[in-house]
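Q: Could you have a look at this structure, given as structure tokens, before my questions?
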Amino acid sequence: MSEILSELWTPEVQMAVTAVIAFLVVLYVLSIIWVVRDAYLRGTVWFIWAIVALIPILGVIAYTLLRPPLLQIDRDEQELEVALKQRQLMQYGECANCGYPVEADYVLCPNCHQRLKNMCSRCGKALDPSWKVCPYCATQVGSGSRRQAASHSAQQR
Ligand SMILES: [Zn+2]
Ligand SMILES: [Zn+2]
């Protein structure tokens, strides 16, 4: 029996077995690296998963089954997208009276004709009621529509 074995255990077979073992070791090491990297990117406690990954084959399978579904980068991107949408909404805004969506430079609501902004007496641009001066032409404006009318008449003088 041992004679047959020693006859089979040629240098070629020895090399093949060594190659297979080396291949498995490399695969094992790569699987651990993959788990650690993936767990880190997904924003999990990666060193716990590194310990789990040390269990050959089973560790990797357990990780692929239990890992959080989203990559951290994807999650950040989603948050960014939500923030961007909110900003877009802010830019358009809503009519304080009826809730109709209005753009930032609308002077009045197209739906209920509620006055949203004051108009500059000189250049006619839409101004925020809180502004004291027109940012487009540097004309002084009042804080309310009544004061604006006063400045309008003052300018005509
Ligand atoms: Zn309205
Ligand atoms: Zn102006």
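Read in order, the letters of the sequence shown are residues -3 to 153 in this note's numbering. Positions of the beta carbon are idealized from the N, C-alpha and C atoms, including for glycine. Since this is a predicted model, take the numbers as computed values, not measurements.
(1) I believe Ala58 touches Ser27 by the beta-carbon criterion, under 8 Å. Please report the beta-carbon distance rounded to the nearest angstrom.
(2) Start and end of the alpha helix (DSSP H) containing Trp30?
(3) Based on DSSP bridge pairs, tell me the residues matched to Leu104.
(4) Pull every residue with its beta-carbon under 6 Å away from any heavy atom of ligand 1, and keep them in chain order.
(5) Kindly indicate which three-state DSSP category Leu1 falls into: helix, strand or coil?
(6) Could you pull the start and end residues of the alpha helix (DSSP H) that Thr60 belongs to?
A: Here's the rundown:
(1) Not really, about 12 Å apart at Cβ, beyond 8 Å.
(2) Counting along the chain, the unbroken alpha helix (DSSP H) around Trp30 starts and ends at Pro7 to Leu37.
(3) According to DSSP, which records beta bridges pairwise, Leu104 is partnered with Arg111.
(4) Having a Cβ closer than 6 Å to some heavy atom of ligand 1 are Cys91, Asn93, Cys94, Tyr96, Cys105, Asn107, Cys108 and Gln110.
(5) In this structure, DSSP gives Leu1 a helical state, which the three-state scheme calls helix.
(6) It spans Leu54 to Leu62 - the alpha helix (DSSP H) in which Thr60 sits, taken as one unbroken run.
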